[in-house]
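Visitor: Residue numbers (our numbering), protein chains in the order written: chain H, 31 to 484; chain X, 3 to 252.
What follows is the structure, encoded as structure tokens:
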């Protein structure tokens, strides 16, 4: 009789790594390979973040990894034309498009697109071979492999992802759109990596859309590192629209140099389990950071945002607004930390988190936190958890708007405060539309995909 | 149009209205005056269906229908409009969307289809001009960051959009300077027609210089204690409310 031993998901992943090391490293560029060994050691030591880890207090991570997922070390051949199954239906939105399919860059006339102005949109693995100087300089420069087991896991296993490079002084009006698609006939764990470099005085708009196109179980563990040079501007909008059997773990790192401007907007429209980490480091004087987020959750969905804004130098400003609407038995969390270091005089940092709970069973935990070591700063933070404003509701009803419709308008108005921060008008209007549909309980599909998986 | 019979109402077990009788006919302007705490705003709340107020006795008929059985939105669609004493700020909801929703709900109730975007904007523009409201206000969120005067003008603008049969103006004059007062009053007068009616609730005579009432009622301690023509308002202005409180002249 064979003896059955149970091994933990952590041990399983470590042995998966060791057993497949050849396959993982073979064909993978040195820039990616050289960090793997150390990363797997970190993961072995750290494991999955537990509830004891304050940062992950409101999300249970390990159970996500106990499900059976396929893991691929090379793109699985799927032959179809991307436009046959997915077409982003924001008609006025003309973008430079990159598609990531199940964690691998999907070739679009090759693995690298170079625009006439020097902008590069490429597979990360390919870019590491073609542009080793740039990728080598920024890859894994920010990822916290030694403190977050999930990030270490990503670094150990990563095969591909997207590389976006905006050279010095280049101002690109047309947004760069990155669409992450999950499409397969089996459950999958995908771990890809994005690297975005916006050099000095350059400007770019990046739109990231996450979609699940087939009704399988997915777990994404994704790291995105962003470097924004002096006097550069970047706006990054992320739209998460995945089905209830999908789980997302996102780790975004952004470092900003002198006088740079960054605006991020994370719109969690739909998804079974969403955890977004955002760390912004204000590393040069005069930099300003704006971080916005909206999460809409119903049924048993869970959405958790963790943000960490690090004011490392003087004269920087940050502004943060996260809002959530939770229905049914949905759970949510916001943990926002602002660190103002001793040198960071004249810092201005503001943070707000507002939540609407539509039922008695919906739950949200909110934890704004300021840690200030400088003495000449302006900082504020605030959090609210509330229900629909009865006075506003009555006001609208007294104008003839029915209670249901009035409630929707109020929720929509609440959410719009975040959506309105998106600068591209056609995208903003479409997002308003998607949010409205979502709040109405209609299917908020944003593509012509035939699956009704949301 | 509106018939109130022996209306009693309470808020948190405290009886505020203690037997109101009032009839408002089409084409009339009524003013309800009275000292603080006499029940003026409670009467407005009962007529518009605010949950806080509980009717314990009496009847209210509006064009032959039992008003008290209707939800606030149905009352509005039937033609009742309240200009709020304290208009509510609704961040994130634009005036345009708010009014579009309201106008289309009214139309639906009458069996009409929604207005096209261009027809709606035309209506919006017309009515803005009629009540002399600053064009920029409709581009903003409902009442958000509006001054006291802007909020009151915005109420009259909404009234112009919805064309109620019965408009109840609850202390619309409070917090208005003389210019704003004139604009608000002009708006109300322009909307006046033989088939609609206005009930003006106010402390002071000054609004009634502009919106001239056919009847003035004094509400005191939950009852209408005196009704007369517009000259009553002038008498009140001269004498104050003490003579009413002392039971003189009734």
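From the three backbone atoms N, C-alpha and C, an ideal C-beta is built for every residue, glycine too. Since this is a predicted model, take the numbers as computed values, not measurements.
If you compare alpha carbons, which of X/218, X/147, X/198 and X/184 is closest to residue 205 of chain X?
Guide: X/218
Visitor: Is the beta carbon of residue 172 of chain X closer than 8 angstroms to that of residue 100 of chain X?
Guide: no
Visitor: Anything in chain X within Cβ reach of residue 432 of chain H, meaning under 7 angstroms, just list it in chain order.
Guide: 75 and 107
Visitor: If you compare alpha carbons, which of X/186, X/77, X/158 and X/220 is closest to residue 111 of chain X?
Guide: X/77
Visitor: Looking at residue 210 of chain X and the ligand NAP, is the gap between the Cβ and the nearest heavy atom below 7 angstroms?
Guide: Absent from the structure shown: the ligand NAP. Ligands present: none.
Visitor: Determine whether the beta carbon atoms of residue 468 of chain H and residue 324 of chain H lie at a separation below 8 angstroms.
Guide: In this structure, residue 324 of chain H does not lie closer than 8 angstroms to residue 468 of chain H by Cβ.
Visitor: Might you give, ordered along the chain, the residues of its own chain that have their beta carbon closer than 6 angstroms to the beta carbon of residue 131 of chain H, omitting 5 neighbours on each side?
Guide: Excluding sequence positions up to five before and after residue 131 of chain H, its CB lies within less than 6 angstroms of the CB of 211, all in the same chain and listed in chain order.
Visitor: Are any of the Cβ atoms in chain X nearer than 8 angstroms to that of residue 413 of chain H?
Guide: no
Visitor: So, helix, strand or coil for residue 39 of chain H, using DSSP?
Guide: helix
Visitor: Just by C-beta distance, which residues in the region 359–386 of chain H are closer than 8 angstroms to chain X?
Guide: none
Visitor: Start and end of the alpha helix (DSSP H) containing residue 223 of chain H?
Guide: Taken as a continuous stretch (DSSP letters only), residue 223 of chain H belongs to no alpha helix (DSSP H), being part of the beta strand (DSSP E) at 223–228.
Visitor: Buried or exposed for residue 181 of chain H, please, with buried defined as at least 16 other CB atoms from any protein chain shown within 10 angstroms of its CB.
Guide: buried
Visitor: Contact criterion: CB-CB distance below 8 angstroms. Does residue 443 of chain H meet it with respect to chain X?
Guide: yes
Visitor: Tell me the DSSP bridge mates of residue 398 of chain H?
Guide: H/366
Visitor: Residue 290 of chain H and residue 317 of chain H: beta carbons closer than 8 angstroms?
Guide: yes
Visitor: Does the distance from the C-beta atom of residue 310 of chain H to that of residue 286 of chain H stay below 8 angstroms?
Guide: Yes, Cβ-Cβ distance for residue 310 of chain H and residue 286 of chain H is below 8 angstroms.
Visitor: Could you tell me whether any Cβ in chain X is nearer than 8 angstroms to the Cβ of residue 456 of chain H?
Guide: Interface annotation, residue 456 of chain H: not in contact with chain X, CB-CB separation never under 8 angstroms.
Visitor: So residue 170 of chain X and residue 190 of chain X are in contact, right, with Cβ under 8 angstroms, and what is the actual spacing, rounded?
Guide: Rounded, the Cβ-Cβ distance is 11 angstroms, inconsistent with contact.
Visitor: Helix, strand or coil: how does DSSP classify residue 88 of chain H here?
Guide: coil
Visitor: Looking only at its chain, what residues have a beta carbon closer than 7 angstroms to the beta carbon of residue 395 of chain H, apart from the 5 residues adjacent to it on each side?
Guide: 88 and 363
Visitor: What does residue 86 of chain X reach in chain H if we use C-beta pairs closer than 9 angstroms?
Guide: 425 and 428
Visitor: If residue 443 of chain H sits next to residue 90 of chain X, beta carbons under 8 angstroms apart, how far is it from one beta carbon to the other, in whole angstroms?
Guide: Contact doesn't hold; Cβ gap of about 12 angstroms is too wide.
Visitor: How many Å lie between residue 195 of chain X and residue 29 of chain X at the Cα?
Guide: 6 angstroms
Visitor: Measure the beta-carbon distance from residue 210 of chain X to residue 232 of chain X and round it to whole angstroms, keeping in mind my assumption that it falls under 8 angstroms.
Guide: 7 angstroms
Visitor: For the candidate residues H/227, H/235, H/228 and H/230, whose alpha-carbon lies nearest to that of residue 207 of chain H?
Guide: The shortest C-alpha separation from residue 207 of chain H is found at H/235.
Visitor: Where does residue 74 of chain X fall in DSSP's three states?
Guide: If DSSP states are grouped into helix, strand and coil, residue 74 of chain X belongs with the helices.
Visitor: What is the DSSP secondary structure of residue 253 of chain H, counted as helix, strand or coil?
Guide: strand
Visitor: Does the beta-carbon of residue 84 of chain H have 16 or more other beta-carbons within 10 angstroms, so that it is buried, or is it exposed?
Guide: An exposed status is given to residue 84 of chain H, since fewer than 16 other beta-carbon atoms sit within 10 Å of its beta-carbon.
Visitor: Could you give the distance in angstroms between the alpha-carbon of residue 322 of chain H and the alpha-carbon of residue 147 of chain H?
Guide: 30 angstroms
Visitor: Measure from the alpha carbon of residue 80 of chain X to the alpha carbon of each residue in X/178, X/67 and X/162, then state which is nearest.
Guide: X/67
Visitor: Counting only the same chain and skipping the five closest in sequence on each side, list residues whose C-beta sits under 8 angstroms from that of residue 143 of chain H.
Guide: 126, 128, 150, 151 and 152
Visitor: Run the CB neighbour count on residue 403 of chain H, radius 10 Å, all protein chains shown included, and call it buried at 16 or more, exposed below.
Guide: exposed
Visitor: For residue 428 of chain H and residue 84 of chain X, what's the separation of their Cα atoms in angstroms?
Guide: Residue 428 of chain H and residue 84 of chain X have their C-alpha atoms spaced approximately 7 angstroms apart.
Visitor: Cβ of residue 93 of chain X less than 8 angstroms from any chain H Cβ?
Guide: yes
Visitor: Per DSSP, residue 128 of chain X forms a beta bridge with which residues?
Guide: Checking the DSSP bridge columns, you'll see residue 128 of chain X has no partner listed.
Visitor: What alpha helix (DSSP H) runs, 4 residues minimum, are completely inside the region 173–230 of chain H?
Guide: 179–187
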